[in-house]
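Everything in the sequence shown is counted per my numbering, starting at 37 for the first residue and increasing by one. Glycine included, C-beta positions come from ideal geometry on N, C-alpha and C. See structure below.
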Amino acid sequence: MDSIKVVVAGPRGRMGREAVILAEETSHFELAGVLDRKNGGEKLNEIAEGFSSSAPIYTDLKECLFETKADVLIDLTTPETGMLHAKTALEMGVRPVVGTTGFTEDNLKELQELSEAKGLGVIIAPNFAVGAVLMMKFSQMAAKYFPDIEIIEQHHDQKLDAPSGTGVKTAEMISAVREEKKQGHPNEKETLAGARGASYNGIRIHSVRLPGLVAHQEVLFGGEGQTLKIRHDSYDRKSFMSGVKLSCEQVMKLDTLVYGLENIIE
Ligand code: NAP
37 MDSIKVVVAG
47 PRGRMGREAV
57 ILAEETSHFE
67 LAGVLDRKNG
77 GEKLNEIAEG
87 FSSSAPIYTD
97 LKECLFETKA
107 DVLIDLTTPE
117 TGMLHAKTAL
127 EMGVRPVVGT
137 TGFTEDNLKE
147 LQELSEAKGL
157 GVIIAPNFAV
167 GAVLMMKFSQ
177 MAAKYFPDIE
187 IIEQHHDQKL
197 DAPSGTGVKT
207 AEMISAVREE
217 KKQGHPNEKE
227 TLAGARGASY
237 NGIRIHSVRL
247 PGLVAHQEVL
257 FGGEGQTLKI
267 RHDSYDRKSF
277 MSGVKLSCEQ
287 VMKLDTLVYG
297 LENIIE
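Right, dumping it as structure tokens:
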């Protein structure tokens, strides 16, 4: 397999740190540099314990991509920054692999158009954990038989966006096979605003934020005299890294945008 030159944006973050280790430890990946908001001009192993790589730290994305001649930019930052990074990368001929969540439909459309104009692949995955992708696929299968559905997603309390990208993606996938239906009683009334959660095509999504959690989701299906629960738990951010690795490999073969890991795994 050809070597892939990787740049990681957000290397001091919880996800970015794991992506740096992945790039360091994968024989056909070369960590060409990292993009941070500070420590520009220094080497990665000089600023933080646990990194073996002496990859250069940049604070300017254009300079970083130009000097490193990167193939892939892995972005694990914040939604506004991630969008700016993905656009800049495409404009400079670099393929983005985006794990950052909170992109809007307009963001996705804009990146899709840019990716097609440039003939360069982009992968945006709200959840890189293979188990979570299976949870979404199984939920889509179950929705054909159980159209009454509520989603409970649970994350750590430092998460910026709600509902989670996975919660929204699950509702989107279910909506592709389920007629729009407002969950609950037609005349139900919230006596406390927000009690019934958010609504996506009538599917309720409830977001829990607590310290100690990583990323967890349960999809609840109700039927006559029965319920079905499909649940996935990420206990460690390492759970996302096999999906990041696969995405970096696959994005090199793409010339369009792919949204969701389920579209690149069999
Ligand atoms: P985090 O620990 O807060 O890390 C975010 C990092 O991004 C921080 O180090 C931050 O730097 C950096 N950053 C922010 N703006 C930047 C900029 N302009 N340039 C360079 N770096 C910048 O968050 P996290 O838990 O790692 O999550 C990161 C993203 O991944 C979130 O959107 C989260 O929802 C998403 N996520 C995705 C998956 C998935 O499977 N797709 C799984 C988990 C999380 P400072 O320290 O200076 O602020």
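- Task: To the nearest angstrom, report how far apart Leu26 and Phe102 are at their CA atoms.
- Result: As shown, the chain starts at 37 and ends at 302. That puts residue 26 outside it, with no answer to give.
- So Thr306 is in the beta strand (DSSP E); what residue range does that whole segment cover? What the structure shows of the chain is the stretch from 37 to 302, and residue 306 is not part of that stretch, so it cannot be assessed.
- Who pairs with Phe257 in a beta bridge, going by DSSP? According to DSSP, which records beta bridges pairwise, Phe257 is partnered with Ile185, Leu264.
- Beta carbon of Gly203: closer than 6 Å to some heavy atom of the ligand NAP? Not so, every heavy atom of the ligand NAP lies at least 6 Å from the Cβ.
- Where does His121 fall in DSSP's three states? Reduced to three states, the DSSP call for His121 is helix.
- Whole runs of the beta strand (DSSP E) within the region 132 to 185, excluding any shorter than 3 residues: Counting whole runs of 3 or more residues, the region 132 to 185 contains the beta strand (DSSP E) stretches 158 to 160.
- With 16 other CB atoms within 10 Å as the buried threshold, where does Gln253 fall? It is buried - the Cβ of Gln253 has at least 16 other Cβ atoms within 10 Å.
- Task: Leaving out five residues on either side along the sequence, give the residues of the same chain with a beta carbon under 6 Å from the beta carbon of Ala91.
- Result: Same-chain partners within the cutoff: Leu67, Gly69, Val70, Leu80.
- Query: Hey, is Glu163 close to the ligand NAP, as in C-beta under 6 Å from one of its heavy atoms?
  - Reply: A quick correction: the sequence has Asn, not Glu, at residue 163. Relative to the ligand NAP, the beta carbon of Asn163 is positioned inside 6 Å of a heavy atom.
- Out of Gly201, Glu302, Gly261, Thr263, point me to the one whose CA is closest to Leu282's CA. Comparing alpha carbon positions, the residue from Gly201, Glu302, Gly261, Thr263 closest to Leu282 is Glu302.
- Message: Do Asp197 and Thr137 have their beta-carbon atoms positioned less than 7 Å apart in this structure?
- Response: Here Thr137 is near Asp197, since their CB atoms are less than 7 Å apart.
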